[in-house]
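There are 2 protein chains.
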Amino acid sequence: MTDSPYQVIKRSIAQGIAAGQWQVGQALPSEHALVRQFSVSRMTVNRAMRELANENLIRRVPGVGSFVAVPAAQSALVEIRDIADEIAARGHAHSARILHLARIGAPADVAAAFGVSVASILYFSRILHLEDGVPLQLEQRYVAPHLAPAYLDQDYALITPHAYLSRVAPLREGEHQVRAVMPDSLQTRLLQTEVDEACLVVVRRTWSNAGLVSLAELWHPGARFALTGKF
Amino acid sequence: MTDSPYQVIKRSIAQGIAAGQWQVGQALPSEHALVRQFSVSRMTVNRAMRELANENLIRRVPGVGSFVAVPAAQSALVEIRDIADEIAARGHAHSARILHLARIGAPADVAAAFGVSVASILYFSRILHLEDGVPLQLEQRYVAPHLAPAYLDQDYALITPHAYLSRVAPLREGEHQVRAVMPDSLQTRLLQTEVDEACLVVVRRTWSNAGLVSLAELWHPGARFALTGKF
DNA sequence: GAGTGGTCTAGACCACTCA
DNA sequence: GAGTGGTCTAGACCACTCG
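Quick look at the structure:
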């Protein structure tokens, strides 16, 4: 899957940081030391470290060394909210129907977003979230197996995937994309939308320190859902 | 400044794309060709191209080639940005068609959002923003007359309403709501959307220190526009 | 089989920092 | 001067696609 040498080194460093093996601000091994440790050439180590720096996991200072970065200031730009919490906050009842839960081969677009090869094994869940029994969100989620090995064994009627993943792989950063899309027939049926009703789709990718954890497609009925924000 | 070989190559390709030297979807020169053209090693070309791919400027397909990526029109979820700036930042040309500019009586829903009585006088503008001649945003804006008395006298082909309002009534806070809606026939015609193409609608209210300045409905073609955000 | 991108090697030179 | 990261070279092997 993700087993080329530079990725092995990246993961090793990232997990070491996540595990607290190195404290914030502390110096990491030099490139030369990693060359010896992993028995690779310096270009390979360099690429791993450069990418970690791009991801703001480490900070590199020419002539000095590489250091564990201070964790990104988590300002409340766009908070990531749990659908169950949101519904509860409105004083309504949340329920969930688990429609699909399995390991699957990554489709081409998902593989590209995940940075893995097509047909790599991912965990997949399709869950319909209802508010007072009315469909509000169809959640289709792809999860990196090695970052949440027990993902398929949870009972998502009791805990949402987002809540579970937050526990086993705390999120470091995320990214969403919001689109307006017409649903296909499956989605229309599940969300019980009218003909000619669009869907608001949020595609959300979340990273823990160890890498990309999950890609979620959240489909909402256009007539019954809006995203709001203040600034 | 930024004159190392891989950066020179990056800039060369990026500018070529911006200048239309290669069309969207078109194949770019292979790494081997670039090696000859720039007289560098393949690792150097590879780094340039890999970074362009990370920046979503090009798409690379192993065994096939590198191609100019479809320029995903994207806009920030949280920050409020001027549509003209956004388009310019992508290296494209912004233009605007002023469709309507007048004082009108507030419709019921707008009056409610503004906190004024129905049929109160508001300024109204309807402007179509185009990216390289293609419609990207239909802006329908209601403005409080006493907070921007000269609103109707501006030339919105030269300055966007948002830019003008930012000058005369600096925004203190704002609020948006994002929805997926099917356009009506007027909107379909103006935005040149396909049948069965939804619109992503942002309704944005902005306040200056003196009160609610403006309510804007921003309609975007669903197939050509997405909002993005990071956290 | 020819062409493509993905990755790696084993060196190298440079500018920089620190003691 | 010893150590660091930034960058580059001139090859190489691989998996993949396409005709």
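Protein sequences, first through last, are from chains S and A.
Following my numbering, the numbering of the first sequence begins with 5 at its first residue and continues without gaps.
Following my numbering, the numbering of the second sequence begins with 5 at its first residue and continues without gaps.
Heads up, the beta-carbon is just placed ideally off N, CA and C, and yes, glycines get one too.
(request) Would you identify the three-state DSSP class for S:L81, choosing helix, strand or coil? (result) Mapped onto the first sequence, residue 81 of chain S falls at position 77. No answer about S:L81 holds up, because its pLDDT of 35 lies below 50 and its placement is not dependable.
(request) Assess, as a yes-or-no matter, whether the stretch 146 to 153 of chain S is touched by the stretch 215 to 229 of chain S under the definition of 3 or more beta carbon pairs within less than 8 Å. (result) Per the Cβ contact rule, the stretch 215 to 229 of chain S is in contact with the stretch 146 to 153 of chain S (3 or more Cβ pairs under 8 Å).
(message) Does the stretch 125 to 134 of chain A come into contact with the stretch 174 to 187 of chain A, if we say contact requires no fewer than three beta-carbon pairs (one atom in each stretch) closer than 8 Å?
(response) In the pairwise beta carbon analysis, the stretch 125 to 134 of chain A is classified as not touching the stretch 174 to 187 of chain A: fewer than three pairs are separated by under 8 Å.
(request) Reducing DSSP to helix, strand and coil, say where S:F229 ends up. (result) Against the first sequence, residue 229 of chain S aligns to sequence position 225. S:F229: coil per DSSP, three-state reduction.
(message) DSSP three-state label for S:G24, please.
(response) Residue 24 of chain S sits at position 20 when you count from the first residue of the first sequence. In the three-state DSSP reduction, S:G24 falls in the coil class, being neither helix nor strand.
(request) From the DSSP output, in three-state form, read off A:P9 for me. (result) Here the question's residue 9 of chain A lines up with position 5 in the second sequence. Reduced to three states, the DSSP call for A:P9 is helix.
(request) Quick one: using the 10 Å Cβ neighbour count with 16 as the cut-off for buried, is A:W153 buried or exposed? (result) If you number the second sequence from 1, residue 153 of chain A lands on position 149. In the sequence under discussion, the amino acid at residue 153 of chain A is Pro, which differs from the Trp named in the question. An exposed status is given to A:P153, since fewer than 16 other beta-carbon atoms sit within 10 Å of its beta-carbon.
(message) The beta strand (DSSP E) that contains A:Y146, what's its start and end?
(response) Within the second sequence, the letter at position 142 stands for residue 146 of chain A. Where A:Y146 is concerned, the enclosing beta strand (DSSP E) stretches over 138 to 147.
(message) Judging by CA-CA distance, which residue of A:D157, A:L194, A:V65, A:A167 is the nearest neighbour of A:D89?
(response) Here residue 89 of chain A refers to the residue found at position 85 when the second sequence is read from its first residue. Ranked by Cα distance from A:D89, the first of A:D157, A:L194, A:V65, A:A167 is A:A167.
(message) Any beta carbon from chain S within less than 7 Å of A:D200's own beta carbon?
(response) Taking the first residue of the second sequence as position 1, residue 200 of chain A is located at position 196. Taking Cβ atoms only, chain S reaches closer than 7 Å to A:D200, which makes this a yes.
(message) To be precise: take each residue of the stretch 182 to 209 of chain A, compare its Cβ to all Cβ atoms of chain S, and keep it if any distance is under 8 Å. Which residues remain?
(response) Listed in sequence order: V182, R183, A184, V185, M186, D200, E201, A202, C203, L204, V205.
(message) Between the alpha carbons of S:G67 and S:A220, how many angstroms are there, rounded?
(response) Here residue 67 of chain S is taken as the residue at index 63 of the first sequence, counted from 1. Here residue 220 of chain S is taken as the residue at index 216 of the first sequence, counted from 1. Whole-angstrom Cα-Cα distance: 41 Å.
(message) Among S:I108, S:R228, S:E59, whose alpha-carbon lies nearest the alpha-carbon of S:L156?
(response) As a working mapping, residue 156 of chain S is identified with position 152 in the first sequence. When S:I108, S:R228, S:E59 are compared, the shortest CA-CA separation from S:L156 is found for S:I108.
(request) Output yes or no for whether 7 Å exceeds the beta carbon distance between A:G226 and S:A184. (result) The residue given as residue 226 of chain A occupies position 222 in the second sequence. The residue given as residue 184 of chain S occupies position 180 in the first sequence. Yes. Within cutoff.
(message) Within a Cβ cutoff of 6 Å, which residues of the same chain sit near S:A52, ignoring the five residues on either side of it in sequence?
(response) Here residue 52 of chain S refers to the residue found at position 48 when the first sequence is read from its first residue. Correct list, in chain order: Y10, I13, K14.
(request) Check the Cβ-Cβ distances between A:G226 and every residue of chain S, and say whether any is below 7 Å. (result) Residue mapping note: residue 226 of chain A aligns to position 222 of the second sequence, counting from 1. Closer than 7 Å: yes.
(request) Starting from A:H36, trace the alpha helix (DSSP H) both ways and give me its first and last residue. (result) Here residue 36 of chain A refers to the residue found at position 32 of the second sequence. It spans 35 to 42 - the alpha helix (DSSP H) in which A:H36 sits, taken as one unbroken run.
(request) Give me the Cα-Cα distance between A:L195 and S:S45, rounded to the nearest whole angstrom. (result) Taking the first residue of the second sequence as position 1, residue 195 of chain A is located at position 191. Taking the first residue of the first sequence as position 1, residue 45 of chain S is located at position 41. Cα to Cα, A:L195 sits roughly 54 Å from S:S45.
(request) Evaluate S:S79 with the Cβ neighbour count: other Cβ atoms within 10 Å of its Cβ, from every protein chain shown; 16 or more gives buried, anything less gives exposed. (result) Here the question's residue 79 of chain S lines up with position 75 in the first sequence. No answer about S:S79 holds up, because its pLDDT of 35 lies below 50 and its placement is not dependable.
(message) For A:R63 and S:V28, what's the separation of their Cα atoms in angstroms?
(response) To locate residue 63 of chain A, count along the second sequence from 1; it is residue 59. To locate residue 28 of chain S, count along the first sequence from 1; it is residue 24. So the two alpha carbons sit approximately 36 Å from each other.
(request) Drop a sphere of 10 angstroms on the beta-carbon of A:H36, count the other beta-carbons inside from all chains shown, and report buried for 16 or more, exposed for fewer. (result) In the second sequence, counting from the first residue as 1, residue 36 of chain A sits at position 32. Taking every protein chain shown into account, the CB of A:H36 has fewer than 16 other CB atoms within 10 angstroms, so this residue is exposed.
(request) Below 6 Å CB to CB, which residues in the same chain sit around S:L38 once its five sequence neighbours on both sides are set aside? (result) Position 34 of the first sequence, counted from the first residue, corresponds to residue 38 of chain S. The beta carbon of S:L38 sits closer than 6 Å to those of V49, all from its chain and outside the five residues before and after it, given in chain order.
(request) Indicate whether A:E143 and A:L222 have their beta-carbon atoms separated by less than 7 Å. (result) The count along the second sequence starts at 1 and reaches residue 143 of chain A at position 139. The count along the second sequence starts at 1 and reaches residue 222 of chain A at position 218. Yes, the pair counts as a contact, with Cβ atoms nearer than the cut-off.
(request) Determine the contact status of A:L134 and A:S99, defining contact as a CB-CB distance below 7 Å. (result) Walking along the second sequence from the start, residue 134 of chain A turns up at place 130. Walking along the second sequence from the start, residue 99 of chain A turns up at place 95. It is a contact, given that the beta carbons lie within the stated cut-off.
(message) Just to check my reading of the structure: S:S70 and S:A31 have Cβ atoms closer than 8 Å, yes? What is that Cβ distance to the nearest angstrom?
(response) Residue mapping note: residue 70 of chain S aligns to position 66 of the first sequence, counting from 1. Residue mapping note: residue 31 of chain S aligns to position 27 of the first sequence, counting from 1. About 7 Å; that satisfies the 8 Å criterion.
(request) Pick out whichever of A:G20, A:V122, A:Q41 has its Cα sitting closest to the Cα of A:D113. (result) Residue mapping note: residue 113 of chain A aligns to position 109 of the second sequence, counting from 1. If you compare the alpha carbons of A:G20, A:V122, A:Q41 with that of A:D113, the shortest gap goes to A:V122.
(message) Could you pull the DSSP bridge partners for A:I131 from this structure?
(response) The residue you call residue 131 of chain A lines up with position 127 of the second sequence. The secondary-structure analysis by DSSP pairs A:I131 across a beta bridge with A:I102, A:E143.
(message) When you compare the CB positions of A:V65 and A:W26, do they come within less than 7 Å of one another, or not?
(response) Here residue 65 of chain A corresponds to residue number 61 of the second sequence, with the count starting at 1. Here residue 26 of chain A corresponds to residue number 22 of the second sequence, with the count starting at 1. One thing to note: A:V65 has its Cβ no nearer than 7 Å to the Cβ of A:W26.
(request) Can you say whether A:G233 is buried or exposed, counting buried as having 16 or more other CB atoms within 10 angstroms of its CB? (result) Taking the second sequence and counting its residues from 1, one reaches residue 233 of chain A at position 229. Counting every other CB atom within 10 Å of its CB across the protein chains shown gives A:G233 a total of 16 or more, marking it as buried.
(request) Sort S:L103, S:A230, S:A18, S:T197 by Cα distance to A:V206 and report the nearest one. (result) Start at 1 with the first residue of the second sequence, and residue 206 of chain A comes out as number 202. Comparing alpha carbon positions, the residue from S:L103, S:A230, S:A18, S:T197 closest to A:V206 is S:A230.
(message) Going by DSSP in three states, A:R51 sits in which element: helix, strand or coil?
(response) Position 47 of the second sequence, counted from the first residue, corresponds to residue 51 of chain A. Note: A:R51 maps to helix in three-state DSSP.
(request) Figure out for me which residue from A:S212, A:L105, A:G20, A:V120 has the closest Cα to the Cα of A:L169. (result) Locating residue 169 of chain A in the second sequence gives position 165, counting from the first residue. Ranking the options by Cα distance to A:L169, first place goes to A:S212.
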